[in-house]
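Novice: Keeping their order, the protein sequence lines are chains A and B. Residues are numbered in the numbering used here as their position in the first sequence, beginning at 1, plus a constant of 2. Residues are numbered in the numbering used here as their position in the second sequence, beginning at 1, plus a constant of 925. Each residue gets a CB set at the ideal place from its N, CA and C atoms; glycine is no exception. Have a look at this one before I ask anything.
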Amino acid sequence: MDRKVVFKQRLLPYLLLAPQLLITIVFFFWPAGQAVWFAFLRQDAFGIRTTFVGFENFAELLADPLYLETIRNTAVFCIGVTAIALSVALLLAVLADRQIRGAGGYRILLIWPYAIAPAVAAVLWIFLFHPQIGLIGRALNGAGIAWDYKLNGDQAMLMVILASAWKQVSYNFIFFLAGLQSIPKSVLEAAAIDGARSVRRFWTITFPLLSPTTFFLLVVNLVYAFFDTFGVIDALTKGGPAKATETLIYRAYVDGRVNLDLGMSSAQSVVLMLVVILLTAIQFRFIERRVHY
Amino acid sequence: MSTTEATQGLALPAEAAPPRRAGGSDRVAHAILLLGVVLFALPLWIVLMGSTHDAATIGRGEVPLLPGGHAVENYTAAWQRGGAGVPGGRMLWNSTVMALSIALGKIAISIISAYAVVFFRFPFRKAAFWSIFITLMLPVEVRIFPTFKVVSDLGMVNTYAGLIIPVIASATATLLFRQFFMTIPDEFVEAAKMDGAGPLRFFWDVVLPLSRTNMAALFVILFVYGWNQYLWPLLVATSADVETVVIGMVKMIGSEANTEWNIVMATCVLALLPPVAVVILMQRWFVKGLTETEK
């Protein structure tokens, strides 16, 4: 798709593109290229000699039981966040959509968590679930349930999932509400006349018509859980206890920052790049086709 | 939104809804919605109330649900003294500079590159467009350390430039403007040419005013994105001069034993107020921006 009428200047378009392209090359392509290159290198213990080791870093990574454990954590975390954030948002959006007068009001009452930084969301949740000073954390301990997300790995995982999902619900809510409001009324009325009850109407008509929105949100939520929740984990658990909440991003950060292992950290970067490329490709493929039944 | 440049947003028809008939279970629906609203607001409420009590009350674990009498001193302490050695006022200033520069910078850089790609024909046009597009697949999280090394080689560690410039390119904003520019009628360009207006004049007098709504929508989304940055500032801004409020607040809870929780709560409120205010005040553009643009 190109415009028919354009300007003839030769130099100007390059000048207009220069800032964006310069930043893209210096801060995106060059570092990404280096990450790929470093992934095939290994430094000796003193950082003096660097040797090309081929796929050895990758082999070592995939043979590391801790890395496999991190992959499992990441899967649990991403699926948990996505499932909770999507289902709560869909429920609220369906209910708000019925109150046509109230929909706008509920929207404003539910969208503000979108503006909260993941790390700030984590701090808010500390005040709910901290075993000594948190409202619910204290109540749980008072009721005889040993609650301490700093000691118990499963509880820590639950905490980071809930805090991350809490923040994402409002984003999903906005999209579900917009999607619901664009479904033609006549379709639903026809079904009502045919005698379909409201629950049945939802699953046979509304939900399928909502599928493009749902699918889009599924990918966005997975990307969010994968990449944007670093702040939640860093503020709440720092990947602990005993690496129970260490995700792939967190591990790449720890290996590069704390352990200063450039080769291994780069190999992880390459793995992560493959994940983004996969997710982006899936998304654009389906956006083009606009999944619709 | 996200620190990831990738895959946010897509065009959705968001036109006004047809009125729908209210069912009999309206009350139940309202009750569940209100419960949702309360559950979502609860953590915010606790922090808001906690920030008006003294450290001992919170340390005892009383979790006050009503306001106390220490609001002024807590917020003063957070603003002047802060935690981890950086005054809250300083951190808020840093966050403001970072968020505004990122939002306005991304909009400026993207709108001119989209203009170049749409309104001109030149060699390597497609290549330029695709190389911008492909950065969607390279969020900062997957190239953290090499990017840090580039920034440190350029001497930009612990500067505003280091915080801002490496994240100021935006594939999504460029895609949005490009999409919008395609819809500007050819007649506008022809008329401008006939009047003897050059490309810069056409940009300034026609394209820029037409793009106002898109810019407002992008501004909300990008301001929130900029303010909420975490991983990148954590690496590149380690000195007190450039510490942002989100990072500073998390650092305050680092040493559990002697955390002044009331000051943390006050700082937390200061950290979340600006982006929440921008989203609520600009709600109309924000919803449009989310559902009609990408990121």
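Which class does R946 (chain B) belong to by DSSP, given the choice of helix, strand or coil?
Specialist: Caution applies to R946 (chain B), whose pLDDT of 46 falls short of 50 and renders its modelled position unreliable; the value that the coordinates give is listed next. Coil, per DSSP.
Novice: Within 9 Å of any Cβ in chain B, is that where the Cβ of D236 (chain A) sits?
Specialist: Yes, contact with chain B.
Novice: Between which two residues does the alpha helix (DSSP H) holding Q157 (chain A) run?
Specialist: Its alpha helix (DSSP H) spans residues 155-183.
Novice: Between the alpha carbons of G233 (chain A) and A956 (chain B), how many angstroms are there, rounded?
Specialist: Roughly 33 Å between the two C-alpha positions.
Novice: Going along the chain, which residues of its own chain have a beta-carbon closer than 6 Å to the beta-carbon of G1007 (chain B), five neighbours each way excluded?
Specialist: Closer than 6 Å at the Cβ level, and outside the excluded window around G1007 (chain B), lie G1013.
Novice: Tell me whether G1214 (chain B) is buried or exposed, calling it buried when 16 or more other Cβ atoms sit within 10 Å of its Cβ.
Specialist: So G1214 (chain B) counts as buried.
Novice: Could you list the residues in the region 1048-1072 of chain B with a C-beta less than 7 Å from some C-beta on chain A, going in chain order?
Specialist: Listed in sequence order: A1053, S1056, I1057, T1060, L1061, M1062, L1063, P1064, E1066, V1067, R1068, I1069, F1070, P1071, T1072.
Novice: Check whether chain A comes within 9 Å of A954 (chain B), counting only Cβ atoms and requiring the distance to be less than that.
Specialist: Yes, A954 (chain B) counts as interfacial toward chain A.
Novice: Taking V1203 (chain B) and V1145 (chain B) to be in contact with their CB atoms under 8 Å, please state how far apart those CB atoms are, rounded to whole angstroms.
Specialist: At roughly 6 Å, the Cβ-Cβ gap stays under 8 Å, so V1203 (chain B) and V1145 (chain B) are in contact.
Novice: Closer than 9 Å by beta-carbon distance: list the chain A residues that pair up with T1108 (chain B), in chain order.
Specialist: The premise fails here: T1108 (chain B) is roughly 10 Å from chain A at the closest Cβ pair, so nothing lies under 9 Å.
Novice: Below 8 Å, can you find three or more Cβ-Cβ pairs linking the region 157-171 of chain A to the region 126-137 of chain A?
Specialist: Yes: the two stretches touch, three or more of their Cβ pairs being nearer than 8 Å.
Novice: Kindly examine the ligand FMN and report whether one of its heavy atoms sits closer than 8 Å to the Cβ of M1119 (chain B).
Specialist: Among the components of this structure there are no ligands whatsoever, and the ligand FMN is therefore not found.
Novice: Using a C-beta to C-beta distance shorter than 7 Å, which residues of chain A count as neighbours of W1186 (chain B)?
Specialist: Result: I135.
Novice: Near A167 (chain A), which residues of its chain fall below 7 Å by C-beta distance, leaving aside the five closest residues on each side in sequence?
Specialist: Contacts found: V83, I86, A87.
Novice: Span of the alpha helix (DSSP H) holding Q1288 (chain B)?
Specialist: No answer is possible for residue 1288 (chain B): it lies beyond the span of chain B, which begins at 926 and ends at 1220.
Novice: Between L179 (chain A) and the rest of its own chain, which residues show a CB-CB distance below 7 Å, the 5 nearest in sequence each way excluded?
Specialist: Closer than 7 Å at the Cβ level, and outside the excluded window around L179 (chain A), lie A95, A98, D99, A105, R109.
Novice: Can you name the residues of chain A whose CB is closer than 8 Å to the CB of T1084 (chain B)?
Specialist: Within chain A, no residue comes near T1084 (chain B); the closest Cβ sits about 14 Å away, beyond 8 Å.
Novice: Taking DSSP as the reference, what is the three-state secondary structure of L13 (chain A)?
Specialist: Here L13 (chain A) sits in coil by DSSP.
Novice: Between the beta-carbon of V962 (chain B) and the beta-carbon of L137 (chain A), is there less than 9 Å?
Specialist: No; because the gap between Cβ atoms is not below 9 Å, this pair is not in contact.
Novice: Who are the Cβ neighbours of T1192 (chain B) in its own chain at under 6 Å, not counting the five residues just before and after it?
Specialist: Closer than 6 Å at the Cβ level, and outside the excluded window around T1192 (chain B), lie A1003, G1013, M1174.
Novice: Who are the near neighbours of G226 (chain A) in its chain, counting only those whose CB is closer than 7 Å to its CB and skipping five residues on each side?
Specialist: Note that residue 226 (chain A) corresponds to Tyr in the displayed sequence, not to Gly. Within the same chain, Y226 (chain A) has close Cβ partners Q170.
Novice: Can the beta-carbon of N59 (chain A) be found closer than 9 Å to that of F42 (chain A)?
Specialist: The answer is yes: Cβ separation under 9 Å.
Novice: Should the region 24-39 of chain A be regarded as contacting the region 241-249 of chain A, the criterion being three or more beta carbon pairs within less than 8 Å?
Specialist: At 8 Å Cβ cutoff, the stretches do not touch.
Novice: Taking the continuous beta strand (DSSP E) assigned at Q45 (chain A), which residues delimit it?
Specialist: Looking at the DSSP string, the run of the beta strand (DSSP E) that includes Q45 (chain A) is 43-45.
Novice: Please classify R12 (chain A) as buried or exposed, where buried requires at least 16 neighbouring CB atoms within 10 angstroms.
Specialist: Exposed: under 16 other Cβ atoms inside 10 Å.
Novice: How about A947 (chain B): is its C-beta nearer than 9 Å to some C-beta of chain A?
Specialist: Summary for A947 (chain B): the model assigns pLDDT 45, below 50, so the residue's position carries little reliability; its value from the coordinates is reported in the next sentence. Cβ-Cβ to chain A under 9 Å: yes for A947 (chain B).
Novice: If you measure between the beta carbons of A1122 (chain B) and S1035 (chain B), is that distance less than 9 Å?
Specialist: No, the Cβ-Cβ distance between A1122 (chain B) and S1035 (chain B) is not below 9 Å.
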